[in-house]
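To convert, note that position 144 of the sequence shown is 143 in numbering that gives the first Met the number 0; the numbers rise steadily by one, no gaps.
No residue lacks a Cβ here, since even glycine has one placed at the ideal position from N, Cα and C.
Since this is a predicted model, take the numbers as computed values, not measurements.
See below for the structure under consideration.
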Amino acid sequence: MKLVNKAMSAAAASGTNYIEELNAAVHAYNAAAHSVTGVPPEEVMTGRKIRRGLPLIFPTKATHDDDLINAKDRKSKIEAKQREDAKRGARQCRIKPGDMVIVERQLRAKAESRFDPQKYTVTEERNGMLVLADTNGQILKRHVSQTKKVYDWRHTEEDQPKQPDSGHTDHRDGELQPNFQAEAPVPSVIDRPIRERKTPEYLKNYVRVVEETKE
């Protein structure tokens, strides 16, 4: 895309036909050696050497190793993916087949939540794409970023057993006995050490004068 933008900018600046500038830019790109494979793309596509202005002094038929070119291209793509994943902080998908998820709403009103409370079961996961199915047999395909895993719901106050408070009365042998707990002793606050305060040397004469005037 940068090549096309540069060609269009050059045509606009020079006032030439943009189609000719675009064809010249594409031809120059195909004739130059690729940074990954080291072979011009036109030679790989046509299988022959590129004809230039000077006469050819080498065979016109291009010979190149397809396996080597594919290996270099694969290595370059893997390195680019690793750089982009490290830049974006990508991580492995934590949602596996069998997990319960909720799906993000496509359209929602102002008072609606982001995720629909309808639960789906993950049946398949492939490169971040999830295949979901609900109890009615409906199948959805969503990206992992559009779903949220459902964990076990927390117990409510009704499910938890009630325990008597420390200040309530305890019924034993038909008598009401207060169930008080002894308060822990409060530790005494230890004063911080204070340095001895003395009159500065340069104020001794002044203090004496003040004391004499008071007397």
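Backbone secondary structure at residue 83 - three-state DSSP: helix
From the DSSP output, in three-state form, read off residue 142 for me. strand
contact_flag[the segment 100 to 112, the segment 62 to 77] where n(CB pairs < 8 angstroms) is 3 or more: no
At which residues does the beta strand (DSSP E) containing residue 283 begin and terminate? With the chain covering only 0 through 214, there is no way to say anything about residue 283.
Following the continuous alpha helix (DSSP H) through residue 121, name the residue where it begins and the one where it ends. It is not in any alpha helix (DSSP H) - residue 121 instead sits in the beta strand (DSSP E) that spans 114 to 125.
Spatial neighbours of residue 8 within its chain, please: CB distance less than 7 angstroms, with the 5 preceding and 5 following residues excluded, ordered by chain position. none
Quick one: Cα of residue 132 to Cα of residue 19, how far? 54 angstroms
How should residue 129 be labelled, buried or exposed, when 16 other C-beta atoms within 10 angstroms of its C-beta is the threshold for buried? buried
Relative to the C-alpha of residue 143, which candidate in 15, 127, 100, 150 has its C-alpha closest? 127
Inter-residue Cα distance where the pair is residue 75 and residue 134: 44 angstroms
Across the segment 69 to 89 and the segment 116 to 125, are there enough close Cβ pairs to call them in contact, namely three or more that are closer than 8 angstroms? no
From the DSSP output, in three-state form, read off residue 103 for me. strand
Rounded C-beta distance between residue 146 and residue 101? I'm assuming under 8 angstroms. 7 angstroms
Boundaries (first-last residue) of the alpha helix (DSSP H) holding residue 35: Looking at the DSSP string, residue 35 is not in any alpha helix (DSSP H), and its letter there is neither H nor E.
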